[in-house]
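Take a look at the structure set out below.
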Ligand code: NAD
């Protein structure tokens with residue numbers, strides 16, 4: 097039996113491994129259990145929130161430039177430990193090392209953004225609002241904030257949240273996904289090394305009991321959530337009912353329109369990355385191709401060839417040469433769900449034109465693998481067209497014209513991303529203006545935003561008012577105070593004239 101990787105909580109600056117219930121953490125490449133995530137509940141959450149609350153007054157008073165310095169050091173430490181972080185993400189999640197590297201860079205950009213906190217916290221001023229009366233705004237932290245994160249980006253999504261929240265002067269409790277708790281621990285150790293005072297950042301592992309304790313704790317002021325839509329909705333409703341600010345990112349179904357004039361080689365490259373990158377486990381995955389007119393005939397032969405060439409294999413081995421193009425999905429249960437959605441498409445009349453269901457990885461027969469799969473002739477009423485699949489499956493839906501394609505994309509309950517591939521400025525302009533999605537790509541397959549821009553999901557892809565990342569996130573993690581002032585010279589006289 098493998099030696100299990102320790103999975104402690106981090107509370108008040110102490111690494112503590114609780115006894116009691118736990119859930120298994122898998123290496124999806126092999127199917128082996130590599131750790132046990134403690135199933136925390138109210139007691140652990142209460143200890144972490146109390147530690148964060150106790151650390152808040154000191155951290156709030158720490159000048160923003162000093163807070164930023166912690167994150168400058170943190171940035172260096174993440175770079176110095178980059179390979180270790182990548183290997184951990186690949187081992188617990190199954191991303192290829194290249195994908196893990198990309199995701200940690202995206203996360204690191206959020207640390208870099210947080211380093212700019214002294215200017216991000218600038219307020220506004222107006223002199224002589226009335227005669228001798230001045231007005232200014234200042235941004236102050238909220239107190240204890242919490243983050244609840246999904247399995248699919250073990251480092252990047254937590255990094256969307258706590259660096260900026262903490263740089264703004266808050267303290268933080270992170271509850272990572274119980275499926276991928278190990279990378280968060282490494283990130284916490286590096287933050288400790290960067291010199292963050294004890295209690296400012298805390299980690300509690302667990303599932304629903306842990307989440308409910310955070311959502312109802314009176315000392316938690318704000319909750320950032322990323323995960324599936326039903327849970328995002330639950331988090332928003334429960335958190336706001338308990339008086340908290342909530343930003344809750346949900347699931348998605350992202351459409352990619354291919355016009356007949358699209359550059360086919362570039363589109364094939366972008367589309368196969370959008371659909372099959374990270375084994376399709378991305379909230380910005382381009383999971384449905386809407387081919388307009390004759391675009392399908394031009395696109396599909398090359399797309400099928402590209403999908404068939406994708407080499408599936410284990411991602412938990414260090415040598416870069418041994419890396420496949422695509423790793424496993426997160427669990428056996430998740431693989432079965434994806435398989436049943438593909439089967440439902442077949443049953444409802446769609447045609448599987450590239451079938452990755454029987455893929456074998458001989459050196460890891462118990463890993464959770466699926467090959468790239470393309471399903472053609474998907475119709476709007478099919479389950480496969482409506483539900484988020486979250487696996488390496490691309491639907492193809494054939495559209496008569498751009499109007500039809502936009503109407504299909506806009507009928508989705510979700511609203512995360514949408515993209516168009518075309519050489520026509522007019523078609524691109526029409527699409528970006530009319531499509532109902534918060535992040536739009538023009539000849540860009542995965543228009544996921546970088547740290548300085550908000551991650552703007554719409555409809556059932558987001559519940560809340562202020563999005564994660566960028567200036568909206570600064571607003572989310574701070575409260576504004578408006579100060580109106582007037583000074584009287586009576587007691588001291590007109591000193592400046594003497
Ligand atoms: P999930 O909703 O199952 O879990 C997310 C978090 O919620 C985890 O920390 C989990 O412990 C907790 N949780 C799960 N069930 C709960 C319950 N009943 N009550 C309270 N808490 C609960 O999501 P996942 O499977 O880990 O992640 C995949 C989903 O996340 C996909 O739907 C994907 O689209 C979405 N996602 C969205 C974005 C975005 O920015 N919109 C980014 C990444 C992932």
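In my numbering, the protein residues as written are 97 to 594.
Every residue, glycine too, gets a C-beta built ideally from N, C-alpha and C.
Treat the numbers as computed from the prediction; the structure is a model and nothing was measured.
Point to revise | residue 232 versus residue 219 - alpha carbon distance | key: 7 Å
Review point. Residue 258 and residue 243: beta carbons closer than 8 Å?
Key: yes
Review point. Ends of the alpha helix (DSSP H) at residue 256?
Key: 252-263
Check your understanding: Would the beta-carbon of residue 455 fall within 8 Å of that of residue 467?
Key -> yes
Check your understanding: If you count every other CB in all the chains shown that lies within 10 Å of the CB of residue 530, and 16 or more means buried, which is it?
Key -> exposed
Check your understanding: Roughly how many whole angstroms lie between the Cα atoms of residue 488 and residue 159?
Key -> 47 Å
Exercise for review: Tell me whether residue 436 is buried or exposed, calling it buried when 16 or more other Cβ atoms sit within 10 Å of its Cβ.
Suggested key: exposed
Review point. Does any heavy atom of the ligand NAD sit closer than 7 Å to the C-beta of residue 557?
Key: Answer for residue 557: yes, Cβ within range of the ligand NAD.
Check your understanding: On the three-state DSSP scale, how would you describe residue 132?
Key -> strand
Review point. Among all the DSSP beta bridges, which residues are the ones paired with residue 235?
Key: Answer is 576.
Practice item. Evaluate the contact criterion for the region 142-159 versus the region 280-298: three or more CB pairs, one atom per stretch, below 8 Å. Key: yes
Check your understanding: Apart from the five residues on each side of it in sequence, which residues of its chain come closer than 6 Å, Cβ to Cβ, to residue 550?
Key -> Excluding sequence positions up to five before and after residue 550, its CB lies within less than 6 Å of the CB of 563, 565, 566, 568, all in the same chain and listed in chain order.
Point to revise | Rounded straight-line distance, which links the Cα of residue 184 to that of residue 235 | key: Computed Cα separation, rounded: 37 Å.
Check your understanding: How big is the Cα-Cα spacing for residue 375 and residue 121?
Key -> 19 Å
Practice item. Could you tell me if residue 582 is buried or exposed, where buried requires 16 or more neighbouring beta carbons within 10 angstroms of its beta carbon? Key: exposed
Check your understanding: Roughly how many whole angstroms lie between the Cα atoms of residue 447 and residue 469?
Key -> 11 Å
Check your understanding: How would you call residue 519, buried or exposed, if buried means at least 16 neighbouring beta carbons within 10 angstroms?
Key -> Burial call: exposed.
Check your understanding: Comparing alpha-carbon positions, which option in 511, 412, 368 lies nearest residue 379?
Key -> 511
Check your understanding: Is it right to say residue 525 is buried, meaning 16 or more other beta carbons lie within 10 angstroms of its own, or is it exposed?
Key -> exposed
Point to revise | Residues of its chain near residue 143, where Cβ-Cβ distance is below 6 Å and the 5 sequence neighbours each way are ignored | key: 107
Exercise for review: Determine the DSSP secondary structure at residue 513, reduced to helix, strand or coil.
Suggested key: Correct three-state label for residue 513: strand.
**Study point:** Exposure label - residue 105; buried when at least 16 CB within 10 Å
**Key:** buried
Exercise for review: Figure out for me which residue from 203, 265, 539, 509 has the closest Cα to the Cα of residue 521.
Suggested key: 539
Exercise for review: Look at the Cβ atom of residue 478, then the Cβ atom of residue 513, and state whether they are nearer than 8 Å.
Suggested key: no
Check your understanding: Within 10 angstroms of its Cβ, does residue 343 collect 16 or more other Cβ (buried), or is it exposed?
Key -> buried
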